[in-house]
Structures are given as C-alpha cells and as structure tokens.
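A quick write-up on the structure given underneath.
Protein chains: 2
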Amino acid sequence: MGQVAVDQAYTNEVTDTGEKFWRKDVADLLRVREGFQLSEIDPDSLPGTHASKAEGHAELLRSEQPLRELQERLLARSWAGSRDRVLVVLQAMDAAGKGGVVNHVFGEIEPYGLGLAAFKAPTAEERAHDFLWRVEPKVPVPGVIGVFDRSHYEDVLVQRVHQFAPPEEIERRYGAINEFEKRMSDDGVHIIKIMMHISPEEQYRRLSSRLDEPTKHWKYSESDANERGFWAQHMEAFQIAIERTHTAHAPWYIVPANSKWYARVAIQRIVIQKLEQLGLTWPPGDFDLEAERARLDATSGLTWPA
Amino acid sequence: MGQVAVDQAYTNEVTDTGEKFWRKDVADLLRVREGFQLSEIDPDSLPGTHASKAEGHAELLRSEQPLRELQERLLARSWAGSRDRVLVVLQAMDAAGKGGVVNHVFGEIEPYGLGLAAFKAPTAEERAHDFLWRVEPKVPVPGVIGVFDRSHYEDVLVQRVHQFAPPEEIERRYGAINEFEKRMSDDGVHIIKIMMHISPEEQYRRLSSRLDEPTKHWKYSESDANERGFWAQHMEAFQIAIERTHTAHAPWYIVPANSKWYARVAIQRIVIQKLEQLGLTWPPGDFDLEAERARLDATSGLTWPA
Numbered sequence: 001m002g003q004v005a006v007d008q009a010y011t012n013e014v015t016d017t018g019e020k021f022w023r024k025d026v027a028d029l030l031r032v033r034e035g036f037q038l039s040e041i042d043p044d045s046l047p048g049t050h051a052s053k054a055e056g057h058a059e060l061l062r063s064e065q066p067l068r069e070l071q072e073r074l075l076a077r078s079w080a081g082s083r084d085r086v087l088v089v090l091q092a093m094d095a096a097g098k099g100g101v102v103n104h105v106f107g108e109i110e111p112y113g114l115g116l117a118a119f120k121a122p123t124a125e126e127r128a129h130d131f132l133w134r135v136e137p138k139v140p141v142p143g144v145i146g147v148f149d150r151s152h153y154e155d156v157l158v159q160r161v162h163q164f165a166p167p168e169e170i171e172r173r174y175g176a177i178n179e180f181e182k183r184m185s186d187d188g189v190h191i192i193k194i195m196m197h198i199s200p201e202e203q204y205r206r207l208s209s210r211l212d213e214p215t216k217h218w219k220y221s222e223s224d225a226n227e228r229g230f231w232a233q234h235m236e237a238f239q240i241a242i243e244r245t246h247t248a249h250a251p252w253y254i255v256p257a258n259s260k261w262y263a264r265v266a267i268q269r270i271v272i273q274k275l276e277q278l279g280l281t282w283p284p285g286d287f288d289l290e291a292e293r294a295r296l297d298a299t300s301g302l303t304w305p306a
Numbered sequence: 307m308g309q310v311a312v313d314q315a316y317t318n319e320v321t322d323t324g325e326k327f328w329r330k331d332v333a334d335l336l337r338v339r340e341g342f343q344l345s346e347i348d349p350d351s352l353p354g355t356h357a358s359k360a361e362g363h364a365e366l367l368r369s370e371q372p373l374r375e376l377q378e379r380l381l382a383r384s385w386a387g388s389r390d391r392v393l394v395v396l397q398a399m400d401a402a403g404k405g406g407v408v409n410h411v412f413g414e415i416e417p418y419g420l421g422l423a424a425f426k427a428p429t430a431e432e433r434a435h436d437f438l439w440r441v442e443p444k445v446p447v448p449g450v451i452g453v454f455d456r457s458h459y460e461d462v463l464v465q466r467v468h469q470f471a472p473p474e475e476i477e478r479r480y481g482a483i484n485e486f487e488k489r490m491s492d493d494g495v496h497i498i499k500i501m502m503h504i505s506p507e508e509q510y511r512r513l514s515s516r517l518d519e520p521t522k523h524w525k526y527s528e529s530d531a532n533e534r535g536f537w538a539q540h541m542e543a544f545q546i547a548i549e550r551t552h553t554a555h556a557p558w559y560i561v562p563a564n565s566k567w568y569a570r571v572a573i574q575r576i577v578i579q580k581l582e583q584l585g586l587t588w589p590p591g592d593f594d595l596e597a598e599r600a601r602l603d604a605t606s607g608l609t610w611p612a
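Residue numbers (this note's numbering), protein chains in the order written: chain A, 1 to 306; chain B, 307 to 612.
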C-alpha cells in the first residue's frame, strides 16, 4: 500500500510538470537522426517548448525533486542487486555551458548518486596506454548517474582536428568506442551522449565576459582564442564522430545551447525521461520486517552512559 | 578595484549571518579539549546558539552561497598553483546523520569542488594491504573539499570493538594515522575530523522510523540492531581514538547530533570558518589581459557555417 501510494504521487508530479512545459517529446526532437547535418541545427532554437527564460528557470527548479527521487530509487535498487546506472557524456566547444549543466542539473542530485569525471589533456602515463584505459575506471557503478565532462570523444575530436594521432588511429577509435559502449550498455549502463551546440558568436560573448570579470579569469585559457581558428574543423570532427558512433544503445543528442536555460532544462528532461523508462520502483528490504521490528524494539531501553 | 569590491561584499555577508545566529565561536566550543570525556557531552545540546529549528534551517540556507563562493575560490586558486584543500572526516554511529550532512551541507557546493568517498567494509584486496592503502587515493586534490563518509578511523573503531585486528595492530594504527595526517597536512590538506554524537534513544527512533517507511527499507541493515548491543564499546573506542589522534594539524570536533538541523549548521559553520582562515582571494589570470582581449576580439566576426 505505502509502496503504491508513493509511486502514484511521484508519477503524477512528473507528468504534470512535463505536460505544462514541453509541447513535444524533447528527447525525441533532439536525438540524432539518419542524415542529420550539424550545420542545419540552429544553436538559438528552442525545440519542444514555447516557454520564456523565466518559465525555463521555474521548470528547472520544479523538476529538481523528481530527478532527485528517481536518482535515489536508482541507488536504492542497486543495493538490492540492480546493475542499472546512467552515463551522461557532455561534449562541446569551450564555454558552451557544460559546467553550468553539471552545477545546475546534476549538482541538484545527492552527492552519493553522482559520479563526475572531468577529462583533461591526457598525462604521459595515459598517453602510453590505449585511449580507453583512463575511461574504464570512471564508468559509473550501479545506482549512480555518471557525468563525463569531456570524454573518450576528445580522442576523435580535438585529436583529429590537431592531428595528435594519425588518421588510421583516429579511424580505429570509432569502432573501439562503439564496442566499448556496447559492452557498458550490456552491463546495465544507460548511455546518453550530448553535444551542446553553440554558435561562434555566442562563444565570443561568453569568453569576452570572462575577460571582463576578474573573478572569472581563472576560467579563461589562452587556448580558448586559438581554438576559434579551428571552428569549422571542430564541427567537421563532431559531424563525423556523431555519424560513426550514434547507436541504438548509445545515442547522441544535439542540444541547442545558445540559451543556457534551454540547454539545462532540456538535458534535465532527457535524463528524467530515461530514468522514468527504467521503471524504478522502490526495492524491498532484504530482511524479515516483523523479526527486525522485534529485534530493534528489544533494544529500545538502551541508554548511555548506563 | 573589482577584486577588492568582491572581497568586501563577501566578507560582510558571512560576518552578518554568523553574528546573528552564533553567539559564540562554535568551532572553538566543539573542538576537543585536553581531558574531554565523551560521556559528559549531551547529544541533545546546541552549543553556541539559542536559535530554533526554523532559524537553524534558515541559517543553513543563508550560508549556502558563502560556502559555495569560498569553495569556488579554493578551486580557482588551485588552478593558479595553490595546494590548499580541505578534508572533512565524518565518523558516527549508524543513523547519526552523516548522509544528511553530505546531502544538505556539502551537496550545495559545486560538484567539481566536492570529493566524496564512502568507505565500506574493506574488500579482500584492501585487507591484504596496509589499512591506509585504500585511503591515500581518496585524499582530495588541491582546490577540492574532500568528505570521508567513514574513513581510516573505522580501522580503530569497529575493528577494535569486534577485535577484527589484534590489540598490538590497533595500537600501531594510532601512530600511523597521526603520521599520515601530518604528511597530508604538510602538503596543504586542512583536516577537520568530526564525530557526530547521537544518543542510543535517538538512534532507536531513527532506525525505527526506517522500518516504518517502505521507501527507507534499503537504508536498513540487520547489523544496525546488532551494533546497538556494543554501544558502550563503540563509545570507548571513540574516546580512545579521539584522545590518541587529536592533533593541532588534524583536530577532532564532537558535534551533538540529536538535532539534525544543529549538526548540519554547526558543521557548515566549522568548514566556512576554516575556509575563511585561508584568505582565499581570487587568483589573477595567467595571461596578459590586454593582449588576450585583442586576440579574442580579432575573432569576433567568426561565423559558422561560413
């Protein structure tokens, strides 16, 4: 009875919120389709909603609690033996808002349920190993939502653009990624790969504002301006990588990201929807309830100091 | 100028909040003193404040933003070469509220700035190594607030109570811990060790409510009732461990925890105060501001597709 009541209350809440804000299934709208062209996707667009920025912020706040509860159920079920977990891969040009998504979407779930890994330029030891060597240990354990801020995709994106690896090695990696992600998926990892798509004009405004604000200088790197000179090559590398690694078990979503609020609320919704699909009922305890009640009650008079 | 203005605004905010809520320096009140007796500390007490539960919740919310900003400064400074980081060790009997502190105090800082490690019963591989072998890799890197939910202290607490290790090995560990923590401290780790102190009566109420609520069953373990039979031995192990490992560089704080709100707001305050003592001004950028402005502006006309 208690179980059913909780589930019911939860389901109603999410449905109500979603129906008000989203006019269409945003996960379906943003999911990559056969023949997609990145150059045809407008970073200013807001697929699936006619909401204002203020409504977007309100929806983000409203959906925090459903996301938190779904995450807690995922974690609870892992204690009861479930292998389910989620891996969100975030890839984007600099200043596209990956950090904001981590802080404002995933920062709202319990720390126990979040596995954040930020991949930077590989160390000498990492470079000496296969490119997936440093990734495997960061795959989330059951019950956790893993978030990769950059990922193994850097090895076919920036490494392709700057030819840090020869073409045949880049070519090998697409297949290796697909096999790796298939193996993770077969073990219960639900993979959501997201490209946050901003325009060069919007990136300019964001980098420029970092220079304007002394408390943001630590986030600015000289390489940020350099990479703008390779924008077309980066987009080409994204186009190819997404074509080669978009699979049923590890799909790509392209999220227009010129509006920070839209990108956050869309990614939040994609993750909530995936969790909803998992049918996350609360697991039963692994003990005899009446016997435990009796054992615990037998200690009810305990005091200390005696 | 911008730098000074930011610092000033920040400092005022924290001071105002603290002065309203805390009548005394709570970190000083809760810090272990020579000759302390755990049995004389009342888990129901609320040292340092006369506030109500509602005021406690309000203070917790009010101090989220100062804590977030201090954390961000700590992180920013690590990018500029600072070795500073914080390690909070949480130890307590079951259901004392460690999880609530993680979620409601540390869950409010940015995920990039939090390094949470939960130590469970050691695996066979971990048992084959020295007891600190599994701890070293979890020490936070510069810029991060590490939180240990249980820790190397389990090796002198539960292991002492149940004689999982012989007395001479337990004895060895106190010294090993002090040397380990001294080495961490010398490398820039600011260590805060907290015992959350609840009464057996309060633990009974909390465990009992977990049995009452089906969505909490996954948090209940049969060992919870068993361990109540060893309460006095656990308290003795705490008393000895704290006496033996309370040092200037790695002090213990005993936080009365029968009131969840008090424990949370007191721990939040202890951490904020430690961060304030570090003098965390924003670091300068590692670039020539005018030159970068010019380089970036030279790319301001970039569009894509061309």
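In this text, a Cβ means the ideal position worked out from N, Cα and C, and glycines have one as well.
Mapping the DSSP letters down to three states, classify residue i as helix, strand or coil.
i                           : result
isoleucine 498 (chain B)    : strand
arginine 599 (chain B)      : helix
tyrosine 568 (chain B)      : helix
proline 562 (chain B)       : strand
leucine 302 (chain A)       : coil
isoleucine 415 (chain B)    : coil
phenylalanine 544 (chain B) : helix
aspartate 286 (chain A)     : coil
glutamine 397 (chain B)     : strand
alanine 422 (chain B)       : A quick correction: the sequence has leucine, not alanine, at residue 422 (chain B). It is a strand residue.
phenylalanine 486 (chain B) : helix
histidine 152 (chain A)     : helix
histidine 503 (chain B)     : strand
arginine 31 (chain A)       : strand
valine 310 (chain B)        : A caution first: valine 310 (chain B) carries a pLDDT of 32, below 50, which makes its placement in the model too unreliable to give a value.
valine 408 (chain B)        : helix
For residue i, which residues in the same chain have their Cβ closer than 8 Å to its Cβ, ignoring the five residues on either side in sequence?
i                        : result
leucine 335 (chain B)    : Pro353, Gly354
tryptophan 537 (chain B) : Met399, Pro506
histidine 496 (chain B)  : Asp390, Arg391, Val392, Leu393, Lys580, Leu584
For a quick check, are the C-beta atoms of residue i and residue j less than 7 Å apart?
i                           : j                        : result
leucine 70 (chain A)        : isoleucine 194 (chain A) : no
arginine 599 (chain B)      : alanine 225 (chain A)    : no
proline 200 (chain A)       : leucine 608 (chain B)    : yes
glycine 146 (chain A)       : leucine 87 (chain A)     : yes
histidine 458 (chain B)     : valine 445 (chain B)     : no
valine 614 (chain B)        : isoleucine 548 (chain B) : With chain B covering only 307 through 612, there is no way to say anything about residue 614 (chain B).
phenylalanine 425 (chain B) : arginine 466 (chain B)   : no
arginine 172 (chain A)      : aspartate 155 (chain A)  : no
valine 265 (chain A)        : glycine 115 (chain A)    : no
isoleucine 504 (chain B)    : alanine 434 (chain B)    : no
proline 611 (chain B)       : serine 45 (chain A)      : no
Can you list the residues of chain A that residue i reaches, using a CB-CB cut of under 7 Å?
i                       : result
arginine 599 (chain B)  : Leu211
serine 514 (chain B)    : Leu296
glutamate 528 (chain B) : Phe287, Glu292
Can you list, in chain order, the residues of its chain whose CB lies under 7 Å from that of residue i, leaving out five sequence neighbours each side?
i                     : result
glycine 494 (chain B) : Arg389, Asp390, Arg391, Pro448
arginine 73 (chain A) : Leu280, Trp282
arginine 23 (chain A) : Gly48, Thr49, His50
lysine 404 (chain B)  : Leu396, Ala398, Asp455, Met502
Given residue i, which residues of its chain have a CB within under 6 Å of its CB, disregarding the five upstream and five downstream residues?
i                       : result
histidine 217 (chain A) : none
threonine 317 (chain B) : With a pLDDT of only 42 at threonine 317 (chain B), under the threshold of 50, the placement of this residue in the model should not be trusted, and no figure is reported.
arginine 269 (chain A)  : Val26
serine 515 (chain B)    : none
histidine 540 (chain B) : Val467
Looking at C-alpha atoms only, which residue of the options is the closest neighbour of residue i?
i                        : options                                : result
glutamate 542 (chain B)  : B:Pro472, B:Trp328, B:Phe342           : B:Phe342
proline 590 (chain B)    : A:Glu213, A:Asp25, A:His234, A:Gln65   : A:Glu213
lysine 488 (chain B)     : B:Ala556, B:Lys444, B:Ala612           : B:Ala556
proline 567 (chain B)    : B:Phe327, B:Glu340, B:Leu366, B:Pro349 : As written in the sequence, residue 567 (chain B) is tryptophan, which differs from the proline given in the question. Tryptophan 567 (chain B) has its Cα closest to that of B:Leu366, out of B:Phe327, B:Glu340, B:Leu366, B:Pro349.
glutamate 508 (chain B)  : B:Arg534, B:Trp610, B:Glu528           : B:Arg534
proline 43 (chain A)     : A:Ser52, A:Ser259, A:Phe180, A:His162  : A:Ser259
isoleucine 476 (chain B) : B:Glu414, B:Gly419, B:Phe544           : B:Phe544
serine 527 (chain B)     : A:Asp286, A:Ala176, A:Leu211           : A:Asp286
Anything in chain A within Cβ reach of residue i, meaning under 8 Å, just list it in chain order.
i                      : result
alanine 612 (chain B)  : Ala232
alanine 547 (chain B)  : Under the 8 Å cutoff, chain A gives no residues; its nearest Cβ is about 17 Å from alanine 547 (chain B).
alanine 471 (chain B)  : By Cβ distance, chain A contributes nothing, its closest Cβ being about 24 Å from alanine 471 (chain B), past 8 Å.
tyrosine 480 (chain B) : By Cβ distance, chain A contributes nothing, its closest Cβ being about 23 Å from tyrosine 480 (chain B), past 8 Å.
Which residues in chain B sit within 8 Å of residue i, going by Cβ to Cβ distance?
i                       : result
glycine 100 (chain A)   : Near glycine 100 (chain A) there are no residues of chain B at all, since even the closest Cβ is about 10 Å away, more than 8 Å.
threonine 303 (chain A) : Ser505, Pro506, Glu507
Just to make sure I have the definition right: I need the residues of chain E whose C-beta is within less than 7 Å of the C-beta of residue i. Which are they?
i                       : result
histidine 523 (chain B) : Absent here is chain E; the protein component of the structure consists of chains A and B.
Output, in chain order, the set of chain A residues within a Cβ distance shorter than 9 Å of residue i.
i                        : result
isoleucine 412 (chain B) : In the sequence as presented, isoleucine is not what sits at residue 412 (chain B); that position holds phenylalanine. In chain order: Pro111.
Please list the partners that residue i has in chain B, where partner means a Cβ-to-Cβ separation under 9 Å.
i                        : result
asparagine 258 (chain A) : Ordered by position in chain B, no residue passes the 9 Å Cβ test against asparagine 258 (chain A), which lies about 13 Å from the chain.
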